[in-house]
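Q: Below is the structure I would like to discuss, written out as structure tokens.
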Amino acid sequence: MSSKLIFGEDKRLLSHPDLNFTTLVAGKENPVSTFYYVQIKSVVVGGEKLNIPEQMWNMSADGSGGTIVDSGTTLSYFADPAYKIIKEAFEQKVKGYQVVKDFPIMDPCYNVSGVDKLDLPSFSFVFADGAVWNFPVENYFIKLEAENVVCLAILGTPRSALSIIGITNSRTSTSYTTRRDQGWDLH
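Residue numbers for the sequence shown follow full-length UniProt numbering, so the first one is 1 and each next one is one higher.
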């Protein structure tokens, strides 16, 4: 997979009908912090808003926690309590595929032998300012061809309150503006 970096205005991206923007949230004053924080309001799996307290996504007064966007992170990682709710929602909504037990690292995983078109639940974020980020299934399920298995590409962070939107933002055109907001659309 490759991508390009454009400085200046990308007219194609700016005119795309599915382009959304959300405000970037300031992190704790730290001269070495290079993260882009966003404010998630809710998470939706298979059309259902999950019961995750909004403060789960917020940065605490001491600067810990919050949600960052990091295109270099291989998977997506969410604060453990939120992750457990998201994982459980997928486990309840994925139907028709045999569960693959004891697969290393990722869970849940499903056997998709002989399946041409995957039928998996939708996944999206709703941000505090109303923007919605809908992800294509390839951004939150990884297909391991040799094993004919798909696995949820999201893990928990048991020792941290920080959440990282990693692989879920792949195959997405992202725009950072001087107004301190971030835009995206799928390409």
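From the three backbone atoms N, C-alpha and C, an ideal C-beta is built for every residue, glycine too.
1. My output table needs one value for residue 56: the three-state DSSP class, helix, strand or coil.
2. Can you name, in chain order, every residue of its own chain whose Cβ lies under 7 Å from the Cβ of residue 133, other than the five neighbours on each side?
3. Which one of 161, 67 and 53 has the shortest CA to CA distance from residue 26?
4. Compute the Euclidean distance between the alpha carbons of residue 34 and residue 58, then round it to the nearest angstrom.
5. Sorted by chain position, which residues of the same chain lie with C-beta nearer than 6 Å to residue 50's C-beta, five sequence neighbours on each side aside?
6. By a C-beta neighbour count over all protein chains shown, 10 Å radius and 16 as the cutoff for buried, is residue 164 buried or exposed?
7. So if DSSP puts residue 98 in a beta bridge, which residue, or which two residues, is it bridged to?
8. Cα separation between residue 115 and residue 143?
9. Nearest-angstrom Cα distance between residue 111 and residue 74?
10. For the candidate residues 56, 117, 140 and 153, whose alpha-carbon lies nearest to that of residue 160?
11. Just reading off the alpha helix (DSSP H) that residue 131 is part of, what are its end residues?
12. Which residues does DSSP pair with residue 76 in a beta bridge?
A: From the atom records:
1. helix
2. 20, 124, 125 and 184
3. 67
4. 17 Å
5. 43, 85 and 89
6. buried
7. 111
8. 12 Å
9. 22 Å
10. 56
11. From DSSP, residue 131 is part of no alpha helix (DSSP H); its letter is neither H nor E.
12. 154
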